[in-house]
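Below is one structure, written out as structure tokens; comments come after it.
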Amino acid sequence: MTIKPLKSESDYQEALKRIDQLVDCLDNTEQADELDVISILVESYENEHYPIAPPDPIDAIRFRMEQTGMSEKEIAAYLGGEQNADAILNHRQPLTLEIIKRLYQQLHIPAESLLA
1424 MTIKPLKSES DYQEALKRID QLVDCLDNTE QADELDVISI LVESYENEHY PIAPPDPIDA
1484 IRFRMEQTGM SEKEIAAYLG GEQNADAILN HRQPLTLEII KRLYQQLHIP AESLLA
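Residue 1539, in our numbering, is where the sequence shown stops; the numbers in between run on with no holes.
Printed below as a string of structure tokens:
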């Protein structure tokens, strides 16, 4: 097993190919250990070169609404009323700190998503 840092896109592509070769290996084997180490290297490379930006706060709210089957009328209770909800969901009014706290605490929307 020769493992080296991923310093280029070609190193990254080679590591992905090796992962494909090892993905069906048995647990508690040398191949499984190699798969674990290469996966960590690939994850690190991807985090540095292909970062994923947090979603738009309104997209995060709409996603939670979709997950829970909540209507715009129902989300209004968390956004300070129907007029506020309409303005916020249509990007005409920003989220306040109070609303962010309420969405985080009561609907469990990640704060990182709401503060983006």
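We put the beta carbon where it would ideally sit given N, CA and C, even for glycine.
What's the gap between the Cα of H1472 and the Cα of E1497?
-> 40 Å
Ordered along the chain, which non-local residues of its own chain (more than five positions away) have a Cβ less than 7 Å from that of L1530?
-> R1487 and Y1501
Could you have a look at N1451 and say whether DSSP puts it in helix, strand or coil?
-> coil
Extent of the continuous alpha helix (DSSP H) to which Y1473 belongs | No alpha helix (DSSP H) holds Y1473; DSSP gives it neither H nor E.
For I1475, does the count of other Cβ atoms within 10 angstroms reach 16, so buried, or fall short, so exposed?
-> exposed
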